[in-house]
Amino acid sequence: MSSAVRRSRRIAVRGGLLATAVMLAALPSVAAPAAAHGKGEDVRFATFNASLNRSAAGTLRSDLSTPGNAQARTIAEIVQRNRPDVLLINEFDFDPVAARLFQDNYLSVGQNGAKPIRYPHRFIAPSNTGVASGFDLNNNGQVVTQPGTPGYGDDALGFGDFPGQYGMVVYSRYPIDLGGARTFQNFLWKDMPGALLPDDPATPAPADWYSPEELAVFRLSSKSHWDLPIRIGKRTVHFLVSHPTPPVFDGPEDRNGRRNFDEIRFWADYVRPGGGRYIYDDQGRRGGLRPGSKFVIAGDLNSDPRDGDSIPGAAQQLLDHRWINDGFTPSSRGAVEASALQGGANTTHRSNPKYDTADFADVPGPGNVRADYVLPSRGLDVRDGGVFWPVASDPLSRLTGTFPFPSSDHRLVWLDLRVGR
Ligand SMILES: [Ca+2]
Ligand SMILES: [Ca+2]
Ligand SMILES: [Ca+2]
């Protein structure tokens, strides 16, 4: 029996030590995921950097409070056309009310003839983005602590113009085990053994871009890292989600590239038996994922395996991981077409363009890259998958478009995984 049918109507709002579960009234029924033959069922996991961030606190809530926001409608239609069962949305300003409004006013409303989609379960929690650190983290001689002041985002714990900008939210048709959920918003970068802490090239001391006082508060995660156990029948699949910082917007010290690398490394360590012993979560529990657990790593990792500006090998920490199944790489024809049409940086790329998931600037710019990943553990068989990037002749290409985009500069990436009974 699908838990979409059993739905328990719990919704989580979790922040640090504070967890709140809200019981909602019964929801109208939704179709269960397609019945699978054989043992188990196919579950569609997706990641989508939806660009549902706004330039000021409260604006996203205001935009979603009525059903008419054109960009949000387009995002909702993309979700409805792809119908993931478990969905991470990156770049959604932290606001539990906005997360509910996106469900009620957009996902629950059929867009352009697409079927509504209703997620009985969701999870949202605070993000390090736009949280003032009280330190001069970009070493420009100014400590900026007032939102709205130039340079504020660069001195925040994660880049953002106000607390929670560029956050994330998970929507699920399956129950999320709130008691087993772990967040890693507060984990300090210096507590990762062998952390790639950046160096100030102007001084002889090594790894000293950040002072000891700064490192005492500097968190690894630019947003947050969450381990959300999803209950699928009698099975549990840990949905491991994050949004590592873009490896750019810095100097020769490469502080963002190094952070990006270690934010990705966090999951590589977390899922390796014994590898996560140094990790502690926001509730003070130590250790990584229990060996043998099934998991899906998802998110905009801001790292193409071969192109772009991340530290070489950053994405490979996961792609070449012994416990991760990367035997199937989602792709699209639309990305191949876009790469050829747009030229510029794309002409010198080494990765196959069919794997691109983001349409970035090409002249000048990094060009289109693979940034968004859905990576299952070994033992979760991939049944199908793709990147929602229609070719220009497809009527649905109106949803993805070309710059300035009607929805997002990223594309939705999905995998159908067989979850055994
Ligand atoms: Ca500064
Ligand atoms: Ca130095
Ligand atoms: Ca482009």
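Start counting the sequence shown at 1; every next residue gets the next number (the UniProt record's numbering). Ideal Cβ placement from N, Cα and C applies to all residues, glycine included.
Residue(s) in a DSSP beta bridge with residue i
{"i": "residue 169", "result": "89, 124"}
{"i": "residue 140", "result": "In DSSP, residue 140 forms no bridge with anything."}
{"i": "residue 41", "result": "419"}
{"i": "residue 373", "result": "299"}
{"i": "residue 280", "result": "286"}
{"i": "residue 229", "result": "238"}
{"i": "residue 219", "result": "188"}
{"i": "residue 110", "result": "Looking at the DSSP assignment, residue 110 forms no beta bridge with any residue, so it has no partner."}
{"i": "residue 131", "result": "Bridge partners of residue 131: none, in fact."}
{"i": "residue 66", "result": "Answer is none; residue 66 lacks a bridge partner."}
{"i": "residue 182", "result": "227"}
C-beta contact flag for residue i and residue j at 8 Å
{"i": "residue 425", "j": "residue 219", "result": "With the chain covering 1 to 421 only, the question about residue 425 has no answer from this structure."}
{"i": "residue 221", "j": "residue 261", "result": "no"}
{"i": "residue 47", "j": "residue 298", "result": "yes"}
{"i": "residue 258", "j": "residue 323", "result": "no"}
{"i": "residue 45", "j": "residue 296", "result": "yes"}
{"i": "residue 51", "j": "residue 409", "result": "yes"}
{"i": "residue 169", "j": "residue 239", "result": "no"}
{"i": "residue 94", "j": "residue 64", "result": "no"}
{"i": "residue 109", "j": "residue 174", "result": "no"}
{"i": "residue 375", "j": "residue 326", "result": "yes"}
{"i": "residue 320", "j": "residue 350", "result": "no"}
{"i": "residue 214", "j": "residue 328", "result": "no"}
{"i": "residue 122", "j": "residue 98", "result": "no"}
{"i": "residue 265", "j": "residue 227", "result": "no"}
{"i": "residue 161", "j": "residue 151", "result": "no"}
{"i": "residue 356", "j": "residue 49", "result": "no"}
{"i": "residue 42", "j": "residue 139", "result": "no"}
{"i": "residue 359", "j": "residue 392", "result": "no"}
{"i": "residue 57", "j": "residue 107", "result": "no"}
{"i": "residue 198", "j": "residue 254", "result": "yes"}
{"i": "residue 210", "j": "residue 172", "result": "no"}
Own chain residues within Cβ distance below 6 Å of residue i, not counting five before or after
{"i": "residue 381", "result": "418"}
{"i": "residue 29", "result": "Unreliable placement is indicated for residue 29, whose pLDDT of 37 sits below 50; no coordinate value is reported for it."}
{"i": "residue 131", "result": "156, 157, 163"}
{"i": "residue 81", "result": "114"}
{"i": "residue 229", "result": "177, 180, 236, 238"}
{"i": "residue 245", "result": "222, 256, 259, 260"}
{"i": "residue 189", "result": "195, 218, 220"}
{"i": "residue 53", "result": "91, 93, 165, 166"}
{"i": "residue 378", "result": "323, 325"}
{"i": "residue 293", "result": "238"}
Contacts around residue i, its chain only, beta-carbon distance under 7 Å, and the 5 residues preceding and following it disregarded
{"i": "residue 390", "result": "334, 396, 397, 400"}
{"i": "residue 191", "result": "278"}
{"i": "residue 128", "result": "157, 158, 185, 219, 221, 222, 223, 224"}
{"i": "residue 305", "result": "315, 316, 319, 351, 370"}
{"i": "residue 231", "result": "3, 174, 175, 177"}
{"i": "residue 248", "result": "256, 309"}
{"i": "residue 353", "result": "335, 336, 339, 346, 368"}
{"i": "residue 146", "result": "152"}
Burial state of residue i (16 or more Cβ within 10 Å)
{"i": "residue 286", "result": "exposed"}
{"i": "residue 415", "result": "buried"}
{"i": "residue 104", "result": "exposed"}
{"i": "residue 66", "result": "exposed"}
{"i": "residue 363", "result": "exposed"}
{"i": "residue 39", "result": "exposed"}
{"i": "residue 263", "result": "buried"}
{"i": "residue 143", "result": "exposed"}
{"i": "residue 403", "result": "exposed"}
{"i": "residue 204", "result": "exposed"}
{"i": "residue 149", "result": "exposed"}
{"i": "residue 341", "result": "exposed"}
{"i": "residue 73", "result": "buried"}
{"i": "residue 111", "result": "buried"}
{"i": "residue 62", "result": "exposed"}
{"i": "residue 421", "result": "exposed"}
{"i": "residue 394", "result": "exposed"}
{"i": "residue 282", "result": "buried"}
{"i": "residue 291", "result": "exposed"}
{"i": "residue 284", "result": "exposed"}
{"i": "residue 384", "result": "exposed"}
{"i": "residue 251", "result": "exposed"}
{"i": "residue 141", "result": "exposed"}
Own chain residues within Cβ distance below 8 Å of residue i, not counting five before or after
{"i": "residue 386", "result": "330, 331, 332, 413, 414"}
{"i": "residue 70", "result": "406"}
{"i": "residue 365", "result": "344, 345"}
{"i": "residue 37", "result": "Here residue 37 scores only 49 on pLDDT, less than 50, and its place in the model is too uncertain to base an answer on."}
Legend entry - Quiz: which residues have CB nearer than 5 Å to ligand 3 non-hydrogen atoms: 342, 359, 362, 368
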